[in-house]
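In what follows, a structure is listed as structure tokens, so that the remarks can point back to it.
Numbering (full-length UniProt numbering), first residue to last: 1 to 179.
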């Protein structure tokens, strides 16, 4: 049984590898030009009621995870089945910096591969208590399906995790990863 025909073919590509601590990947449907993470940030940057939250979330990803701490468990504490929800849940203090996002309106879904490699998906506005009841349901399910396929590809050797270089490569050593 397929949950969506779109998840059939997608590319795994670098979203940001400039941070000192973490390389971020994202997914892009084979038939689209824009990746899922850019779709998320572009959409919520254009909506005035979410613009500030969008900027805060982008800063959290780029600076807190990418530059300062990496994908440590303390920052990936919002379990959403196969994926994690960002930003962090509750109050977390690291190196005298407090990360706290009470009643934060947005969720970005992510898959932590190592403390230095994260795959970002899409997300949306959190408008109910659970993903099952929220308008996020289909986006969350797609993120979970991406995560399952990626984890299986890592398990079966289709994707190689290069911890030393903070990279994911195809089994043949190329950077092009299509699943």
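A virtual CB, placed ideally from N, CA and C, is assigned to each residue, including glycine.
Beta-carbon spacing of residue 67, residue 21 below 9 Å: Contact check for residue 67 against residue 21 passes: the beta carbons are separated by less than 9 Å.
Pairwise C-alpha distance: residue 95 and residue 36: One C-alpha to the other measures close to 31 Å.
Element boundaries [beta strand (DSSP E), containing residue 76]: Careful: residue 76 lies outside any beta strand (DSSP E) and carries neither H nor E.
Segments assigned alpha helix (DSSP H), at least 4 residues, entirely inside the segment 97-178: Whole alpha helix (DSSP H) segments, 4+ residues: 137-155.
Cβ pair residue 109, residue 143 closer than 9 Å: The Cβ-Cβ distance between residue 109 and residue 143 falls below 9 Å.
Reduced DSSP secondary structure (H/G/I, E/B, other) of residue 34: In the three-state reduction of the DSSP assignment, residue 34 falls in the coil class.
Coarse secondary structure for residue 61, derived from DSSP in three states: Residue state, collapsed to three classes: helix.
Whole-angstrom distance between residue 175 and residue 86, CA atom to CA atom: Going from the Cα of residue 86 to the Cα of residue 175 covers about 26 Å.
Closest by C-alpha distance to residue 24, when choosing among 71, 51, 171: The option with the nearest alpha carbon to residue 24 is 71.
Supposed close pair residue 83, residue 111 - CB separation, criterion 8 Å: Confirmed, about 6 Å.
Buried versus exposed, by CB contacts within 10 Å (16 or more), residue 46: Label assigned to residue 46: exposed.
C-alpha distance - residue 63 paired with residue 19, whole-angstrom precision: Looking at the two C-alpha atoms, the distance is approximately 8 Å.
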